[in-house]
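Some notes on the structure that comes next.
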Amino acid sequence: GKILDVQGKSEEDSTPDNDNQLWSYKDGYLINKQSGHDANNQRWGTKHGFIYLHAKPDLMLDIRGGSTDDGAKIILWRRKNEDNNNQKW
Numbered sequence: 031g032k033i034l035d036v037q038g039k040s041e042e043d044s045t046p047d048n049d050n051q052l053w054s055y056k057d058g059y060l061i062n063k064q065s066g067h068d069a070n071n072q073r074w075g076t077k078h079g080f081i082y083l084h085a086k087p088d089l090m091l092d093i094r095g096g097s098t099d100d101g102a103k104i105i106l107w108r109r110k111n112e113d114n115n116n117q118k119w
């Protein structure tokens, strides 16, 4: 499996419960435990397995280049109608 992590923190396998790897979803906000902050540019929606930016619903969380490698970058990208498995969560 994979985790969503804040860049610059531990990437060691089996590192338990680092705050930079813990997230909560509340009222449309994806909040990282380490910062505890929420802001309008952190408000997200979900639909059919896609996670989209509430302010710009055509932008989805996307794994850059469809990579399955450890350390792959998560980016915002326009929703693709085809070949979009790297945008489904």
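Numbering (the working numbering), first residue to last: 31 to 119. Even glycine gets a Cβ: it sits at the ideal position worked out from N, Cα and C. This one's a predicted model, so the numbers in the text were calculated from it and none came from an experiment.
query                                                                                                           : result
DSSP bridge partner residues for K32 (one or two, in chain order)                                               : BP columns for K32 are empty, so no partner.
Spatial neighbours of R108 in its chain, beta-carbon cut-off 7 Å, leaving aside the 5 residues before and after : D88, L89
Outcome for L91 when other beta-carbon atoms lying within 10 angstroms are tallied against a minimum of 16      : buried
Cβ pair I81, N116 closer than 7 Å                                                                               : no
Paired residues, beta bridge with D92 - DSSP                                                                    : I105
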